[in-house]
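Numbering (the working numbering), first residue to last: 5 to 323. Idealized CB from N, CA, C, for every residue including glycine. Remember, predicted model here, so these are calculated numbers, not experimental data. Here the structure comes first, spelled out in structure tokens, and everything after it is commentary.
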């Protein structure tokens, strides 16, 4: 089997590559860096996929970031993610690829969706304003897959993870997601002997966090389901599957956990002038659990592992 993995240098893509190499030693895994293949360039994607003719495409590439990045670069987030999804999905079909897996995000669900958010909450209300452009692009990717399945009989699937973290994460002080941002902030505060650390917002929003290795395992679990089983658990125009854990945690409690892991002894204060985002985002993962997959890495264990990775790669992640 020849597999094109798009986005192999990202946190999720690298975890999927590790999982593929461990579980599919006989597969040919093809990757390209951004400087070798710009996925926003349709002509380049067309040439590449037509020459490669892969059996499978896994789309883990995306422009991603936290609240600050989404608020600062909304045009880039919607444009680049729409282009990546459209180019890869369409050109995969044009190259004869019958099987594709694309990874999305829990931000596809309405801001005020009933909790926990089930797959059928999609398109039932307004999105969270801080990441609406990114969410629109990810919804479009789901609908692209569904539409090609309906019209051309392809087997294109979508998985929607909750908040991800783990080795390979982005620890940029402004553009990263909440958990790696907290790890960096508390580590630097502990090293400097700071007396306090401020966290964005009220600290009251609650989030679920999924280790990236669990996400990689779940993604391939969904992809390996027989078509009959997958279609029996989805609908033609509601085909995505949530991936997550059963527990959520407040941002303040998460900050306290990170403080313990990094050895920070000072005070934690909140900054209500900064946005909270959606107050609660609990994903219903009962559909995936009923098919036989549950997360295995606990949050404290995962945070400790991620912090060790951060320390081991400090010179490369502190830009």
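Between residue 111 and residue 75, the C-beta gap is not smaller than 8 Å, which leaves the two residues out of contact. For residue 228, the enclosing alpha helix (DSSP H) stretches over residues 216-228. Nearest C-alpha to residue 138 among 311, 203, 107: 107. Looking at the backbone, the Cα of residue 268 and that of residue 146 are separated by about 42 Å.
Each residue's CA atom was taken as its position, placing residue 294 and residue 195 some 45 Å apart. Going by C-alpha positions, residue 141 is about 29 Å away from residue 306.
Excluding the 5 residues flanking it on each side, residue 115 has same chain C-beta neighbours closer than 8 Å at 129, 130, 131, 132, 133, 282, in chain order. About 18 Å separates the beta carbons of residue 164 and residue 233, which is beyond the 8 Å limit, so they are not a contact pair.
Contact annotation: residue 34 and residue 56 have beta-carbon atoms nearer than 8 Å. By the CB criterion at 8 Å, residue 143 and residue 310 fall outside the cutoff.
Secondary-structure assignment with DSSP links residue 169 through a beta bridge to 215. Nearest to residue 179 by alpha-carbon distance, out of 26, 103, 70, is 70. Distance from the Cα of residue 53 is smallest, within the candidate group 80, 6, 13, 81, for 6.
Beta bridge pairing from DSSP links residue 159 with 103. Looking only at 157, 16, 316, 286, the smallest Cα-Cα distance to residue 125 is reached by 286.
Closest in alpha carbon position to residue 66, among 230, 38, 304, is 38. Residue 19 and residue 220 do touch by the CB rule: their CB atoms are close to 4 Å apart, below 8 Å. Residue environment analysis places residue 197 among the exposed positions, since fewer than 16 neighbouring C-beta atoms fall within 10 angstroms of its C-beta. In the structure shown, the three-state DSSP call for residue 82 is helix. Its chain contains 44 as the residues whose beta carbon lies nearer than 6 Å to that of residue 87, once the 5 sequence neighbours on both sides are disregarded; these appear in chain order. Take residue 297, set aside five residues on each side of it, and the residues of its chain with a beta-carbon closer than 6 Å to its own are 222, 225, in chain order. In the DSSP assignment, residue 164 forms a beta bridge with 246. C-alpha of residue 151 to C-alpha of residue 241: approximately 8 Å in a straight line. For residue 273, same chain residues with a beta-carbon under 7 Å away, outside a window of 5 residues either side, are 200, 202 in chain order.
Annotation for residue 25: the continuous alpha helix (DSSP H) segment containing it runs 15-27.
Taking 8 Å as the cut-off, the Cβ atoms of residue 253 and residue 210 count as close.
Rounded to the nearest angstrom, the Cβ distance from residue 216 to residue 61 is 20 Å, too far for a contact under 8 Å. DSSP, read as helix, strand or coil, puts residue 301 in coil. Residue 161 and residue 42 have their C-alpha atoms some 23 Å from each other.
If you check the CB distance, residue 259 and residue 207 come in under 8 Å. DSSP, reduced to helix, strand and coil, places residue 36 outside both helices and strands of the structure shown, so it counts as coil. DSSP places residue 238 in the coil class of the three-state scheme, outside both helix and strand.
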